[in-house]
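Peer 1:
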Amino acid sequence: MKLNVTAVRDCYPALTDGYAYLDGAAGTQVPAAVIDAISRVQTTGLGNSGGAFPASQRADSITAECRAAVAALTGGNPAGVVLGPNMTTLTYRFARTLARAWKPGDEVIVSRLDHDANVRPWVQAAQDAGATVRWAEVDPATGELSAAQYRQLISDRTRLVAVTAASNIIGTRPEVPVITALARGAGALSYVDGVHATPHGPVDVRALGADFYATSAYKWSGPHVGAVIADPALLESLRPDKLRPAPDDVPDRFELGTPSFANLAGVTAAVEHLASLADLGAGCGDPRPSGGPAAGGAGDLRARLLRAMGAVQRYEEELFQVLLAGLDSMPHVRTYGRAAKRTATAYFTVAGLTPWQVAEHLALRKINVWNGDNYAWELTGVLGIRDSGSAVRAGLVHYNDSTDVDRLLEAVAELGR
Ligand SMILES: Cc1ncc(COP(=O)(O)O)c(C=O)c1O
Numbered sequence: 003m004k005l006n007v008t009a010v011r012d013c014y015p016a017l018t019d020g021y022a023y024l025d026g027a028a029g030t031q032v033p034a035a036v037i038d039a040i041s042r043v044q045t046t047g048l049g050n051s052g053g054a055f056p057a058s059q060r061a062d063s064i065t066a067e068c069r070a071a072v073a074a075l076t077g078g079n080p081a082g083v084v085l086g087p088n089m090t091t092l093t094y095r096f097a098r099t100l101a102r103a104w105k106p107g108d109e110v111i112v113s114r115l116d117h118d119a120n121v122r123p124w125v126q127a128a129q130d131a132g133a134t135v136r137w138a139e140v141d142p143a144t145g146e147l148s149a150a151q152y153r154q155l156i157s158d159r160t161r162l163v164a165v166t167a168a169s170n171i172i173g174t175r176p177e178v179p180v181i182t183a184l185a186r187g188a189g190a191l192s193y194v195d196g197v198h199a200t201p202h203g204p205v206d207v208r209a210l211g212a213d214f215y216a217t218s219a220y221k222w223s224g225p226h227v228g229a230v231i232a233d234p235a236l237l238e239s240l241r242p243d244k245l246r247p248a249p250d251d252v253p254d255r256f257e258l259g260t261p262s263f264a265n266l267a268g269v270t271a272a273v274e275h276l277a278s279l280a281d282l283g284a285g286c287g288d289p290r291p292s293g294g295p296a297a298g299g300a301g302d303l304r305a306r307l308l309r310a311m312g313a314v315q316r317y318e319e320e321l322f323q324v325l326l327a328g329l330d331s332m333p334h335v336r337t338y339g340r341a342a343k344r345t346a347t348a349y350f351t352v353a354g355l356t357p358w359q360v361a362e363h364l365a366l367r368k369i370n371v372w373n374g375d376n377y378a379w380e381l382t383g384v385l386g387i388r389d390s391g392s393a394v395r396a397g398l399v400h401y402n403d404s405t406d407v408d409r410l411l412e413a414v415a416e417l418g419r
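Under the working numbering, the letters of the sequence shown match residues 3 to 419, in that order.
1) Cβ of Leu279 within 8 Å of Cβ of Leu5?
2) At 3 residues or longer, and completely inside the segment 335-385: list those beta strand (DSSP E) runs for me, N to C.
3) Just to check, is the beta-carbon of Met89 closer than 7 Å to a non-hydrogen atom of ligand 1?
4) Would you list, in sequence order, the uninterrupted alpha helix (DSSP H) runs of no fewer than 4 residues that lie entirely inside the segment 84-156?
5) When you compare the segment 82-90 with the segment 352-368, are there three or more beta-carbon pairs, one atom per stretch, that lie closer than 8 Å?
6) If I measure Cβ to Cβ from Val43 and keep anything under 7 Å in the same chain, skipping five residues before and after, which residues do I get?
7) Using the Cα positions of Arg98 and Trp372, report the straight-line distance between them to the nearest angstrom.
8) Going along the chain, which unbroken runs of the alpha helix (DSSP H) with 4 or more residues stay wholly within the segment 246-280?
9) Give the C-beta separation of Ile369 and Leu24 to the nearest angstrom, bearing in mind that I take them to be a contact with Cβ-Cβ under 8 Å.
10) Using the Cα positions of Asp302 and Cys13, report the straight-line distance between them to the nearest angstrom.
11) Quick check on Gly299: buried or exposed, where buried means 16 or more other Cβ atoms within 10 Å of its Cβ?
12) Roughly how many angstroms lie between the CA atoms of Pro242 and Glu257, to the nearest whole one?
13) Output the distance between the C-alpha atoms of Gly52 and Ser58, rounded to the nearest integer angstrom.
14) Taking C-beta to C-beta, are Gly77 and Val207 nearer than 8 Å?
15) Kindly indicate which residue of Asp38, Ala28, Thr351 and Ala103 has the alpha-carbon position closest to the one of Leu240.
16) Which partner residues does Ser192 have in the DSSP bridge list?
17) Would you mind giving the Cβ-Cβ distance between Ala348 and Leu385, rounded to the nearest angstrom? I have them listed as a contact below 8 Å.
18) As an exercise, report each continuous alpha helix (DSSP H) stretch of at least 4 residues that is fully enclosed by the segment 179-247, in chain order.
19) Can you tell me whether Asp389 is helix, strand or coil according to DSSP?
20) Could you check the C-alpha separation between Ala81 and Pro253 for me, to the nearest Å?
21) Across the segment 138-153 and the segment 189-204, are there enough close Cβ pairs to call them in contact, namely three or more that are closer than 8 Å?
22) May I ask whether a heavy atom of ligand 1 can be found less than 7 Å away from the beta carbon of Asp228?
23) Can you list, in chain order, the residues of its chain whose CB lies under 7 Å from that of Thr8, leaving out five sequence neighbours each side?
24) Could you check if Tyr94 belongs to the surroundings of ligand 1, using beta carbon to heavy atom distance under 7 Å?
25) Just to check my reading of the structure: Ile40 and Ala378 have Cβ atoms closer than 8 Å, yes? What is that Cβ distance to the nearest angstrom?
26) Among residues of its own chain, excluding the 5 on either side of Ala297, which ones have a beta-carbon nearer than 6 Å to its beta-carbon?
27) Given a cut-off of 8 Å on the beta-carbon distance, is the pair Arg114 and Ala133 in contact?
28) Between Arg395 and chain B, is any beta-carbon pair separated by less than 8 Å?
29) Nearest to Ala119 by CA position, among Asp195, Tyr317, Ala361 and Asp375, is which residue?
30) Can you tell me the Cα-Cα spacing of Asn402 and Pro249, whole angstroms?
31) Within the continuous alpha helix (DSSP H) that includes Leu329, where are the two ends?
32) What residue range does the alpha helix (DSSP H) around Leu411 cover?
33) Can you tell me which residues form a DSSP beta bridge with Arg395?
34) Comparing alpha-carbon positions, which option in Glu109, Asp116 and Ala35 lies nearest Leu162?
35) Is Gly298 helix, strand or coil when you go by DSSP?
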């Protein structure tokens, strides 16, 4: 099934403003269905959770539907979906909770491929517990994080392995199942950062072997909500800090205070939207003439998601070949990352210009890109570019089209003339 990108773009009101949105890795635009779902919550009476009246029960249903949707997207169990404001907050929370059991002599393994949100919380928690931090290294020439090195790094002292499912700047997708299997074999837990990986293809937390899988809905067409997916039995074994009257059940025990219910409804709508991507006909609301969802198992959200995200991955990979080949053909451009498996995320510098100057030049041509380390603090250090402003990131998501890529390549080519 091929993605009909014209119909996909038709779903996103913001994409009509004439800009090429190549900044999706820092947050995607949202489709009208998500905007509608959020505003519907605000226009229908809404109460806080746990009450005896319908408006409160609506809040409880919104939360339950959101957990089910995130579980469908990731292949997890709805009873193990912890919701929160974003991945960083949740990761600090899990780091503090897990570190309670760590002691001097224990080891925690982090990687230099990761966004700092999957590094610093673990490093600080290890320091507080007197545990030792060990580092998995990246090959600066290829951008690969070899899974083989974990055979030396992991031992019976290892308590936790934190690793990303994809780099947010150079796209590298490490062999996560190999790494998590090594961790499990040594009795250690794994915490997989799926924030960058989730929008770029099908996700199966069981196949990844992740004890914890973190994701953020604003990277996949949803509002600003984060989630951590884990086995409910594992969550049962952990005691986070919490208020005394707050629910002690799992997963609620891990959630602090009152959530943004309207945004949770938006997350559910975003998952539904992703599931619909392979079934769009001429426009956003139109089904494919062939009957759409039936081909993938009508009504089964997980099956539709796997099919749609498979189509997204193939679409992005094809478009990315054009983007990367175009950048690599320009003598004044240097691209970073050559991993065998990667997301459609380009990271590059332009000779004689700072990344900020390049981003400004592109902004004047209505092209949105990010410049800087994008919080990939360790990796930009490994690449030797952190002190010079790092690089420019242009990432593709399912709503980018060949016009976006052509405009970027033309504007970058101008810089070499
Ligand atoms: C790979 C990766 N991990 C973690 C984060 C942090 O996510 P959040 O903004 O939800 O805290 C980001 C955000 O850019 C990211 O790209």
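Just so you know, even glycine gets a beta-carbon here, dropped at the ideal spot from N, CA and C.
Peer 2: The structure says:
1) By the CB criterion at 8 Å, Leu279 and Leu5 fall inside the cutoff.
2) Fully enclosed beta strand (DSSP E) runs of 3 or longer: 335-337, 347-352 and 372-374.
3) Indeed, a heavy atom of ligand 1 lies less than 7 Å from the Cβ.
4) The alpha helix (DSSP H) runs lying completely inside the segment 84-156 and spanning 4 residues or more are 89-101, 122-131 and 151-155, given in chain order.
5) For the pair of segments examined, the segment 82-90 was found not to touch the segment 352-368: the number of CB pairs separated by less than 8 Å stays below three.
6) Ile64, Phe263, Ala264 and Ala267.
7) One C-alpha to the other measures close to 31 Å.
8) Qualifying alpha helix (DSSP H) stretches, in chain order: 263-278.
9) With a Cβ gap of about 6 Å, Ile369 and Leu24 count as contacting.
10) Those two C-alpha atoms are separated by around 22 Å.
11) With a pLDDT of only 46 at Gly299, under the threshold of 50, the placement of this residue in the model should not be trusted, and no figure is reported.
12) Going from the Cα of Pro242 to the Cα of Glu257 covers about 9 Å.
13) Straight-line spacing of the CA atoms in Gly52 and Ser58 works out to 6 Å.
14) Result yes, Cβ atoms of Gly77 and Val207 sit closer than 8 Å.
15) Of the candidates Asp38, Ala28, Thr351 and Ala103, the one whose C-alpha sits nearest the C-alpha of Leu240 is Ala103.
16) Paired residues: Val163.
17) Here Ala348 is actually not in contact with Leu385; their C-beta atoms are around 14 Å apart, not less than 8 Å.
18) Qualifying alpha helix (DSSP H) stretches, in chain order: 207-210 and 234-238.
19) Under the three-state reduction of DSSP output, Asp389 falls in the helix class.
20) Taking the Cα positions, Ala81 is about 6 Å away from Pro253.
21) Using a Cβ-Cβ distance cut-off of 8 Å, the segment 138-153 and the segment 189-204 are not in contact, since fewer than three pairs of beta carbons, one from each stretch, lie closer than that value.
22) What sits at residue 228 in the sequence shown is Gly, not Asp. Checking every heavy atom of ligand 1 against the Cβ of Gly228, one is found closer than 7 Å.
23) Excluding sequence neighbours, Thr8 sits near nothing in its chain.
24) Answer for Tyr94: no, Cβ out of range of ligand 1.
25) In fact, because the Cβ distance is near 30 Å, the residues do not count as touching under 8 Å.
26) Confidence at Ala297 is low in this model, with a pLDDT of 45, below 50, so its placement is unreliable and the value that follows should be read with caution. None.
27) In this structure, Ala133 does not lie closer than 8 Å to Arg114 by Cβ.
28) Among the chains in the structure shown there is no chain B, since it carries only a single protein chain.
29) The residue from Asp195, Tyr317, Ala361 and Asp375 with its alpha-carbon nearest to that of Ala119 is Asp195.
30) So the alpha carbons of these two residues sit roughly 42 Å apart.
31) For Leu329, the enclosing alpha helix (DSSP H) has its first and last residue at Leu303 to Asp330.
32) For Leu411, the enclosing alpha helix (DSSP H) starts and ends at Ser404 to Glu416.
33) DSSP output for Arg395 lists Tyr349 and Trp372 as bridge partner(s).
34) Among Glu109, Asp116 and Ala35, the Cα nearest to that of Leu162 belongs to Glu109.
35) With a pLDDT of only 44 at Gly298, under 50, the local geometry of the prediction cannot be trusted, and the value read off the model is given with reservation. Helix, per DSSP.
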